[in-house]
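Peer 1: My structure is below; once you've seen it, I'll send some questions.
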Amino acid sequence: MPPAAAATLSPSRAAVADRVIGALAGPGATLRPDQVTAVAALSEPRARVLVVQATGWGKSAVYWAATAIRRDEGHGTTLVVSPLLSLMRDQVAAAARAGLRAETLNSSNIEEWSRIEGALRDGEVDVLLVSPERLANPGFGRRVLDALAGRIGLLVVDEAHAVSDWGHDFRPDYRRVSDVLQQLNPDTPVLATTATANARVTDDVAAQLRSKQSGELGDETLVLRGPLARSSLELSVVDRLSPLERYAWVVDHLPTLPGSGIVYALTVADAHRLTAAIQAVHGPSVPVAAYTGQLEAAERERLEDALRDNHVKALVATSALGMGYDKPDLGFVVHVGAPPSPVSYYQQVGRAGRAIDHAHAVLLPSGADDGVWDYFATATIPKADQVERMLAAMGDATPDAPATVVSLEAETGLRRGRVELMLKQLAVDGVTERVDRGWILTGTPWTYDAAHYDGVVAVRRREADIMRAYTRGERCLMQLLQESLDDPEAAPCGRCSVCRGTLPDGLAAAPTPDTVRAVAGVLRGEDHLLEPRKMWPGGAFGTRGRIPPDRAVEPGRAIVHADAPEWREAVHTMFAADAPAPQEVLDASVQVLARWKSQWRSRPEVAVALPAAGFGTLVGSVADHLATVGRLDRADLELAPRTGPDVRDLTSADEAALWRDSVTVPAQTRSAVAGRTVLLVADASSSQWPLTVVGAALRDAGASAVLPLLLHRRV
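Written out as structure tokens, the structure is:
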């Protein structure tokens, strides 16, 4: 890897670059020396440049200036591979200010595709921004990439750490960039940019960028790496809070934090719960909204604009709001729970303080984060037995009759998200190929690279250890983040809560007790819907296809959803041993039914207990209590003794088969439920298969309807 040598632009090229930067940053603005080096390199044939610089350094200015120079000299359209719609919208506006015509092809502007593709063919578009997922679409490849083949003037890979599976945010679709590289004219320069790459990721991305012509490595990648410290950020850790206290801390502090900002949560459920708590306590005086990957593109865009225009105090967001979002005056970033990687944490806090002198970056960690970290460490690692099962299910797929994600989900019993991820990972290895309407096998054999995946997991677990050191305040917080990114200029910042030895003025070490009680009350009053499963799993279960209405359960309710902070201690107590439910759980179950009853088609008449997780005394006590309070009859099931693996380790088909074969509706219960509505009370489940299968058995026994009530909806 060559060092970043100083470079200069010719007078004519410098004039074009100055015009662009003046339009973007104001009259008289010019490129800094390191930006000039990048632009000068990209103005020459075959250049490969990787820019690793802090957020706010001006990476996009490099490719706007380089694009303007290359277009001025007669080269083709710049193709920018970008991860988020929010970034694309910002970049289209920035390009217009720079005098360039930029277009984007994404899921939110399908009606404009024909017009844009025509303009591309006619050479009228200066910059085309696309997502990595769009690159993986075969129709897009035929219509657009084939039309641009050999005519791309500059290729830009933004947030390039996502190309590397050693990175904190590896995305298999990003590997499609390599396909574009193969189609490039050998002289086409390539730029990759990121603010979050350590030495290992930098080396990996640099190697992937090298041009491969005639089987030989082309020019080396020029790496421009700068210091990553952010003088505007004041990093703080508020430790030793319970999950509920973390929510209350945010509720207490949000009104007085400067400007507007982002509150990050680790899960979608957390984002919605915390938003509800803030809204209930503060109402419209502190406007907030939840932002997650489950939102439609138009709603994401609306919320991004609301934050940018300071119409909301904060977005309570998952990591879906991260790469690419640009609000230079963002005043704070608060994390309710630590991300599993210091690199991803740096990337998220880097949204704040880009154009202001001071911004807060506050982390509220908890011991409960460890479980989330463990999940993320292995969530994207393929399991050999699951891959083999899916490959077998794809054996008969053809281009005319490809396998679909839905069909593979039903055939294998794997969750849809897992199927989609494995198909993309196998496509990276050349084993699967996406075609119109589905997926096929290429004939390339698949082997499990255990050493590689073990290495990735080991790296992620080491990163989790670094985050533990961060939360413990073992040394300067900014220095620790810089070191995790292999920044050679890492040094104590002198302004974080560790360097200062105290929290900044205005930040308390704990929330007020009244706020804790108020938040608990709000959250315990929320209802958690259990949408019934609609399809049988096939596989070991045998039956597949839609569950008929006369065997289906009704939409149900869960008292505790996932790791709900308002119930954390109660969940620990409930499932520490099989004992009667605590009074607060009995009271909550009555309150859930009271809120639910307006949506019943018929009132429940019989309560049936189902120890789905093996806690018979617990679930029986709840069913007994509800029967007493609601004047319901009680009936029981017969369960065969269970042995073997934990049901959470089984496929959908195997778990459904287990419940079908182990539960019997005895004659006395058949008489009790015939023609009546049943309240089916279960202790805990992550899959809902026990409720689905046992509910069908109760319907077969004559129940007119089954209303599921789950004490703990696990994830």
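Residue numbers (the UniProt record's numbering): 1 to 715.
Glycine residues also receive a C-beta, built at the ideal position from the N, C-alpha and C atoms.
Keep in mind the model is a prediction, meaning the values are calculated, not measured.
1. If I measure Cβ to Cβ from Pro3 and keep anything under 6 Å in the same chain, skipping five residues before and after, which residues do I get?
2. In terms of residue numbering, what span does the alpha helix (DSSP H) encompassing residue 717 cover?
3. Pull up the CB-CB distance for Leu626 and Val715, whole angstroms please, since I reckon it's below 8 Å.
4. Name the DSSP beta bridge partners of Asp633, please?
5. For the structure I just gave you, are there three or more beta carbon pairs, one from the stretch 246 to 262 and one from the stretch 293 to 305, closer than 8 Å?
6. May I ask you to list the residues that DSSP assigns as paired with Glu638?
7. So, using beta-carbon positions, are Ala612 and Leu679 closer together than 8 Å?
8. State the CB to CB distance for the pair Ser484 and Pro342, rounded to an integer number of angstroms; the pair is presumed to be in contact (CB under 8 Å).
9. Return helix, strand or coil for Ala403, following the three-state DSSP convention.
10. Report the rounded CA-to-CA distance for Trp446 versus Arg434, giving the unit in angstroms.
11. Mind pulling the beta strand (DSSP E) runs of 3 or more residues that sit fully within the stretch 349 to 384?
12. Does the distance from the C-beta atom of Ala38 to that of Val51 stay below 8 Å?
13. In this structure, how does DSSP classify Ser214 when only helix, strand and coil are distinguished?
14. Assuming Leu228 and Gln482 form a contact by the criterion Cβ under 8 Å, report the distance between their Cβ atoms to the nearest whole angstrom.
15. Kindly list the residues whose CB is nearer than 7 Å to the CB of Ser232, restricted to its own chain and excluding five residues on each side of it in sequence; keep chain order.
16. Let me make sure I understand the geometry here. Which of Ala54, Ser652, Ala635 has the alpha-carbon closest to that of Arg225?
17. At what residues does the beta strand (DSSP E) containing Pro11 begin and finish?
18. Shortest alpha-carbon distance to Val130 belongs to which of Glu245, Tyr174, Ala98, Arg200?
19. How long is the line joining the alpha carbons of Gly367 and Glu655, rounded to whole angstroms?
20. Over the uninterrupted alpha helix (DSSP H) stretch that includes Glu245, give me the two end residues.
21. For Leu480 and Ser497, what's the separation of their Cα atoms in angstroms?
22. Would a C-beta distance cut-off of 8 Å place Ser687 and Ser652 closer than the cut-off?
23. Going by DSSP, what residue range makes up the beta strand (DSSP E) through Gly556?
24. Give every residue of the same chain whose Cβ lies closer than 7 Å to the Cβ of Pro399, excluding the five residues on either side of it in the sequence, and list them in chain order.
25. According to DSSP, simplified to helix, strand and coil, what is Gly141?
26. Does the beta-carbon of Arg70 have 16 or more other beta-carbons within 10 angstroms, so that it is buried, or is it exposed?
27. So, with DSSP's three-state summary, where would you put Asp309?
28. Look up Pro537 in the DSSP assignment and give the residues it is bridged to.
29. Roughly how many whole angstroms lie between the Cα atoms of Gly539 and Leu24?
30. Do Ala206 and Thr221 have their beta-carbon atoms positioned less than 8 Å apart in this structure?
31. How long is the line joining the alpha carbons of Val156 and Leu148, rounded to whole angstroms?
32. For Pro287, collect the residues of the same chain with a Cβ closer than 6 Å to its Cβ; drop the 5 residues on either side in sequence, then sort them by chain order.
33. Check for me: the alpha helix (DSSP H) holding Thr202 runs from which residue to which?
34. Check Pro582 in the structure and name its three-state DSSP category.
35. In three-state terms, what does DSSP make of Trp57?
Peer 2: So, from the data block:
1. At Pro3, the pLDDT of 42 sits below 50, so the modelled position is not reliable; the number obtained from the coordinates is stated separately. Counting only Cβ-Cβ distances below 6 Å, and skipping sequence neighbours, we find nothing.
2. Any question about residue 717 goes unanswered here, given that the chain covers just 1 to 715.
3. Not confirmed; about 25 Å, so no contact.
4. Val606
5. no
6. Thr664
7. no
8. 4 Å
9. strand
10. 16 Å
11. 359 to 364
12. yes
13. Confidence is the limiting factor: at Ser214 the pLDDT is only 36, short of 50, which leaves the residue's position unreliable and the question unanswerable from this model.
14. 5 Å
15. Counting only Cβ-Cβ distances below 7 Å, and skipping sequence neighbours, we find Gly353, Ile356, Asp357, His358, Ala359.
16. Ala54
17. Pro11 -> not in any beta strand (DSSP E); alpha helix (DSSP H) instead, spanning 11 to 25.
18. Tyr174
19. One Cα belongs to Gly367, the other to Glu655, and the distance between them is close to 31 Å.
20. 243 to 253
21. 13 Å
22. The beta carbons of Ser687 and Ser652 sit closer together than 8 Å.
23. Gly556 -> beta strand (DSSP E) spans 556 to 561.
24. Take Pro399, set aside five residues on each side of it, and the residues of its chain with a beta-carbon closer than 7 Å to its own are Val435, Ile440, in chain order.
25. helix
26. buried
27. coil
28. Paired residues: Arg544.
29. 58 Å
30. yes
31. 15 Å
32. Correct list, in chain order: Val312, Lys313.
33. 199 to 209
34. Looking at Pro582 - three-state DSSP - the assignment turns out to be coil, as it is neither helix nor strand.
35. coil
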